[in-house]
Amino acid sequence: MSAHPTVSPRIVVIGGGPSGLMATEVLSAAGLAVDVFDAMPSLGRKFLMAGKGGMNITHSEPAEAFVARYGARAEWIAPLLDAFGPEVLRAWIHDLGVETFVGSSGRVFPTDMKAAPLLRAWLHRLREAGVKFHVHHRWLGWDDQGALRFATQQGEISVQADAVVLALGGASWPQLGSDAAWLPLLAARGVDIAALRPANCGFDVGWSEHFHSRYAGEALKTIAASCIGPDGRTWQRPGECMISATGLEGGLIYALSAPLREGLLASGSATLYLDLLPGRSAEWVTAEVAHPRGARSLSTHLNSRLGLKGVKVGLLHECLSKEAFNDPAQLAAAIKALPVQLVAPRPIAEVISTAGGVRIEALDTNLMLRALPGVFAAGEMLDWEAPTGGYLLTGCFASGRAAGLGVKAWLESRTQQG
């Protein structure tokens with residue numbers, strides 16, 4: 001049993017990432033006793049890792065465009081974001097004593113670009129509010145009496161709770177705690193779950209030995225990418241990406257990962273089209289490629305007339321046949337829409353996030369699991385996805401808040417009924 005006296009009603013939050021902590025804040029602010037359990041030695045490990053390259057907390061774009069980033073789940077998440085969207089999130093961060101700024105891309109960052117000060121201030125505030133944290137506690141499901149089971153360093157314990165919030169993440173970066181061990185536990189209780197799939201992921205291409213040994217690690221800058229989803233919709237984004245040893249990685253690829261992944265699932269193949277000169281028209285490119293080059297090599301010609309060199313020319317060689325590369329019309333067309341055949345998304349353990357999880361239809365409007373009264377779920381373990389750029393984190397904060405409010409409403413309704 002727990003080492004401290006039980007307070008009723010007692011709420012257990014399982015998972016100490018942004019979703020779980022936001023649910024905890026809502027509940028503790030309402031004067032409820034909250035215990036947070038996490039399998040890892042410390043809280044917010046994936047949150048801290050996500051902030052290593054600069055903590056992109058949210059995005060400043062207009063609300064309609066912001067909500068559209070959530071794709072198929074935009075309609076579901078819209079009211080959650082109306083209640084706790086980017087501006088409210090920024091105000092909440094400022095209230096923790098951390099200032100933010102909007103970068104040139106519209107992304108929002110803490111002024112020091114770090115996640116640790118924000119997490120430290122947040123945990124301090126929660127402790128001051130009476131929240132109790134339990135690390136090295138791995139959730140194992142429920143016992144025959146309905147108590148929560150946890151594996152600890154001292155052995156298994158059981159914990160009774162009046163309500164539970166599950167915020168256990170997806171299956172990416174399992175070394176940081178989100179290993180999807182919850183999936184069979186909920187499936188066994190009749191919760192409807194969509195298979196987890198890679199999101200915000202790179203893709204394997206199957207480069208030749210010559211190409212990847214020469215260009216792996218090189219950035220493809222000032223390009224645009226497009227693809228056609230299984231539904232026939234065309235997706236297009238400007239940006240940059242990186243050649244990896246196995247394929248393509250980076251923000252531009254992640255932004256298109258959902259339609260590319262679904263294309264691979266639907267037909268076993270997906271084609272990414274790269275515009276290597278997005279600032280130039282197809283007519284201009286065609287004219288420049290066809291311009292007489294005299295004794296100059298084609299590579300020299302492409303550099304002097306079009307500014308194409310290095311990895312971009314290497315990519316043209318890699319993806320085009322020799323005949324196509326030497327045919328001015330085919331080469332010009334490829335410079336504006338180079339087809340890159342994708343083989344597979346990267347393994348789920350190494351991607352930034354996951355799609356799939358607890359189906360939204362398995363939840364009521366308060367994010368309570370219909371199959372398990374008193375059990376709520378939030379964050380990445382739910383079946384929604386969003387691109388990087390602050391959208392993932394904002395969705396996690398907003399769903400955590402909604403789950404916390406859902407618990408509060410459910411407990412109040414039970415009290416009234418009693």
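Per full-length UniProt numbering: the sequence shown = residues 1 to 418. Cβ atoms here follow ideal geometry from the backbone N, Cα and C, with glycine treated the same way.
Per-residue DSSP class, three states only, for L272
For the purposes of this step, residue 272 is identified with residue 272 of the sequence shown, where counting begins at 1. Judged by DSSP in its simplified three-state form, L272 adopts strand.
Just confirm the distance between the C-beta atoms of L272 and L316, as a whole number of angstroms; I'd bet it's less than 8 Å.
For the purposes of this step, residue 272 is taken as residue 272 along the sequence shown, with counting starting at 1. For the purposes of this step, residue 316 is taken as residue 316 along the sequence shown, with counting starting at 1. The beta-carbon separation of L272 and L316, rounded to 15 Å, does not stay under the 8 Å limit for a contact.
Could you say if the region 252 to 266 and the region 380 to 393 meet the contact criterion of at least three C-beta pairs nearer than 8 Å?
Taking one beta carbon from each stretch, the region 252 to 266 and the region 380 to 393 have 3 or more pairs nearer than 8 Å; the two touch.
Minimum C-alpha distance to T234 - residue among A225, M49 and K312:
As a working note, residue 234 is residue 234 in the sequence shown. Of the listed residues, the one whose Cα sits closest to T234 is A225.
May I have the straight-line CA-CA distance separating Q175 from V285, to the nearest angstrom?
Working through the sequence shown from its first residue, we reach residue 175 at position 175. Working through the sequence shown from its first residue, we reach residue 285 at position 285. Within the model, the alpha-carbon separation for Q175 versus V285 is close to 47 Å.
Of the residues E262, W182, K221 and L118, the one placed nearest N200, counting alpha carbons only:
Here residue 200 refers to the residue found at position 200 of the sequence shown. The shortest C-alpha separation from N200 is found at E262.
If I follow the unbroken beta strand (DSSP E) through D35, where does it start and stop?
Along the sequence shown, one-based indexing puts residue 35 at 35. Start and end: A33 to F37.
Starting from the C-beta of P230, find all residues in its chain whose C-beta is less than 6 Å away, skip the five residues before and the five after it, and write them out in chain order.
Within the sequence shown, the letter at position 230 stands for residue 230. The beta carbon of P230 sits closer than 6 Å to those of E262, G263 and A266, all from its chain and outside the five residues before and after it, given in chain order.
Report yes if the C-beta distance between G357 and G170 is below 8 Å; otherwise report no.
For the purposes of this step, residue 357 is taken as residue 357 along the sequence shown, with counting starting at 1. For the purposes of this step, residue 170 is taken as residue 170 along the sequence shown, with counting starting at 1. Remark: C-beta atoms of G357 and G170 approach each other more closely than 8 Å.
Mind listing, in chain order, the continuous beta strand (DSSP E) runs of no fewer than 3 residues lying wholly within the region 12 to 70?
Listed in chain order, the complete beta strand (DSSP E) runs (minimum 3 residues) inside the region 12 to 70 are 33 to 37.
With contact counted as at least three CB pairs below 8 Å, one residue from each stretch, are the region 68 to 81 and the region 10 to 19 in contact?
Verdict: no, contact absent.
Where G85 and T394 are concerned, what is the direct C-alpha to C-alpha distance, given to the nearest angstrom?
On the sequence shown, residue 85 is found 85 positions in, with the first residue counted as 1. On the sequence shown, residue 394 is found 394 positions in, with the first residue counted as 1. So the two alpha carbons sit approximately 7 Å from each other.
In its own chain, which residues sit with a C-beta less than 8 Å from the C-beta of residue 457, not counting the 5 before and 5 after it?
Any property of residue 457 remains undetermined from this structure, which presents the chain solely from 1 to 418.
Rounded to the nearest angstrom, what separates G250 and A50 at their Cα positions?
Here residue 250 corresponds to residue number 250 of the sequence shown, with the count starting at 1. Here residue 50 corresponds to residue number 50 of the sequence shown, with the count starting at 1. Spanning the two alpha carbons is a distance of roughly 14 Å.
Per DSSP, cross-strand counterpart(s) of R138
As a position in the sequence shown, residue 138 is number 138, starting the count at 1. R138 pairs with A151.
Are the beta-carbon atoms belonging to W182 and L196 less than 8 Å from one another?
The count along the sequence shown starts at 1 and reaches residue 182 at position 182. The count along the sequence shown starts at 1 and reaches residue 196 at position 196. Contact flag unset, no.
Just to check my reading of the structure: A65 and A74 have Cβ atoms closer than 8 Å, yes? What is that Cβ distance to the nearest angstrom?
Looking up residue 65 in the sequence shown gives position 65. Looking up residue 74 in the sequence shown gives position 74. Actually they do not touch by this definition, with Cβ atoms about 11 Å apart.
Counting only C-beta atoms, is F47 closer than 8 Å to chain E at any point?
No chain E is present in this structure, which holds just one protein chain.
Which residue from P278, L119, G268 and A180 puts its Cα closest to that of R237?
Here residue 237 corresponds to residue number 237 of the sequence shown, with the count starting at 1. It is P278.
State the start and end residues of the unbroken beta strand (DSSP E) segment that holds P339.
As a first step, residue 339 must be located in the sequence shown, where it is residue number 339. The continuous beta strand (DSSP E) containing P339 extends over residues L338 to L342.
Determine the direct distance from the alpha carbon of S353 to that of P347, and round the result to whole angstroms.
Within the sequence shown, residue 347 is the residue found at index 347, counting from 1. Within the sequence shown, residue 353 is the residue found at index 353, counting from 1. One alpha carbon belongs to P347, the other to S353, and they sit about 11 Å apart.
Determine the closest residue to A29 out of V131, A121 and F47, with distance taken between C-alpha atoms.
Translated into positions along the sequence shown, residue 29 becomes position 29. By alpha-carbon distance to A29, the top candidate from V131, A121 and F47 is V131.
Taking Cβ positions, are L27 and F397 nearer each other than 8 Å?
If you number the sequence shown from 1, residue 27 lands on position 27. If you number the sequence shown from 1, residue 397 lands on position 397. No.
Give me the residue from A219, Y254 and G307 with the minimum Cα distance to R280.
By one-based count along the sequence shown, residue 280 stands at place 280. Of A219, Y254 and G307, the residue nearest in Cα terms is G307.
Residues in the same chain with beta-carbon distance under 6 Å from T6, minus the five sequence neighbours each way, listed in chain order, please.
Counting from 1 along the sequence shown, the entry for residue 6 is found at position 6. Because T6 carries a pLDDT of 40, less than 50, the predicted location of this residue cannot be relied on, and the following value inherits that uncertainty. For T6, where only same-chain residues beyond five positions count, there are no Cβ hits under 6 Å.
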